[in-house]
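Notes to accompany the following structure.
In the working numbering, the protein residues as written are 247 to 626.
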């Protein structure tokens, strides 16, 4: 199967940058600004979008070698990325532990440590060193990188199937998603039996959908063609979801309808609930409908090519250092808020200052990559 020349699609970078901003804001609970993120206008939030776009990026970055026939060394390149994700996660965890070690004397911070699953590690650093480093114990708000580690370990097999049997892969992915949600099967944690919040067996369905989309972009085709009827249905669902989360009586009516389907029509909860850990159907349909609708908007490509959104695009292009930094900054903001009285000005400073730091991180990383490219060109 021939690969078409790749032209960078800045829409992915833009949307990923927006998702990073929303994730950072949502990871600082209790501010006015969190009321304006996407989760207030639909069933999904920035996390679903970010995983979907990470799948697209994987298809774009690694799909080419599978399309032309990958050697073993080329096929296993995603494992190198998995290792990078792992050590970045360990570094983030170490920073969070250091932060709480220095501030846990404050009662509000100590209470937060319990809620965020950090307290057991603070009480027994030696005993939790191995679980933390092997992803067996995870902190709230710092538990999505382990998901990416697992997904990138699976990526070579998924990519190989994606270029040979794309429809079978998508069908199998949906089956695994359904079984994991129906049976509530997840990755175990230890020494505490909590289970992974971001269940890889459920979230893989978004990663696979994104991967197939990315490979389609590589081949200059759409994985899902645009049909007027499907597009109208997607927009109708998005509008319904927005009304659902914003208007009480719509939520009551919708919730009662889902309850009736569950209790009397015997629909499983995977179809009628909104649990994030398993990406239950309303959340899954919402992010897929949103991606489908946005992909059909010609204006989005125009916006993505505008210099006015270059800052967001820069964030999206350097998502790993930006996300890792945002996780640590969000925890610093949470601790700062806990140790001080509520203040709109403080919230504004924490969010505004944090976003500025994230931009600087992306700008520095971009400059570093450009210098590396220049040095490589000079050696040729």
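By construction, the Cβ of each residue, glycine as well, lies at the ideal position given by its N, Cα and C atoms.
Predicted model, so just to flag it, every value in this text is computed and none were measured.
DSSP three-state assignment for residue i, whether helix, strand or coil
i, result
"residue 490", "helix"
"residue 541", "helix"
"residue 270", "helix"
"residue 507", "helix"
"residue 358", "helix"
"residue 520", "coil"
"residue 529", "helix"
"residue 498", "helix"
"residue 459", "helix"
"residue 585", "coil"
"residue 305", "helix"
"residue 546", "helix"
"residue 465", "coil"
"residue 602", "helix"
"residue 514", "coil"
"residue 288", "coil"
"residue 314", "helix"
"residue 330", "helix"
"residue 275", "coil"
"residue 556", "helix"
"residue 261", "helix"
"residue 470", "coil"
Short Cβ contact (7 Å threshold) for residue i with residue j
i, j, result
"residue 362", "residue 340", "no"
"residue 415", "residue 426", "no"
"residue 418", "residue 302", "no"
"residue 577", "residue 343", "no"
"residue 398", "residue 327", "yes"
"residue 558", "residue 263", "yes"
"residue 502", "residue 289", "no"
"residue 392", "residue 436", "no"
"residue 445", "residue 523", "yes"
"residue 596", "residue 579", "yes"
CA nearest to the CA of residue i, picked from the options
i, options, result
"residue 330", "555, 618, 395 and 503", "395"
"residue 422", "390, 516, 540 and 269", "516"
"residue 573", "600, 554, 549 and 558", "600"
"residue 472", "540, 443, 380 and 617", "540"
"residue 452", "287, 284, 296 and 481", "296"
"residue 381", "439, 431 and 357", "439"
"residue 390", "400, 404, 356 and 338", "338"
"residue 306", "256, 561 and 528", "256"
Contact test: residue i Cβ vs the ligand MG heavy atom, cutoff 6 Å
i, result
"residue 567", "The model depicted lacks the ligand MG and carries no ligand whatsoever."
With a threshold of 8 Å, are at least 3 pairs of Cβ atoms found where one atom belongs to the segment 565 to 572 and the other to the segment 604 to 613? The answer is yes - the segment 604 to 613 touches the segment 565 to 572, with three or more Cβ pairs under 8 Å.
Ignoring anything shorter than 4 residues, give me the alpha helix (DSSP H) runs that lie fully in the segment 349 to 437, in order along the chain. Within the segment 349 to 437, complete alpha helix (DSSP H) segments of at least 4 residues are found at 353 to 361, 365 to 369, 371 to 379, 391 to 410 and 412 to 429, given in chain order.
Validate contact between the segment 507 to 527 and the segment 257 to 272 using beta carbons, cut 8 Å, 3 pairs: Cβ pair count under 8 Å is below three, so no.
Given 8 Å as the limit, is there contact between the segment 287 to 302 and the segment 451 to 468, that is, 3 or more CB pairs closer than that? With contact defined as three or more Cβ pairs closer than 8 Å, the segment 287 to 302 and the segment 451 to 468 are in contact.
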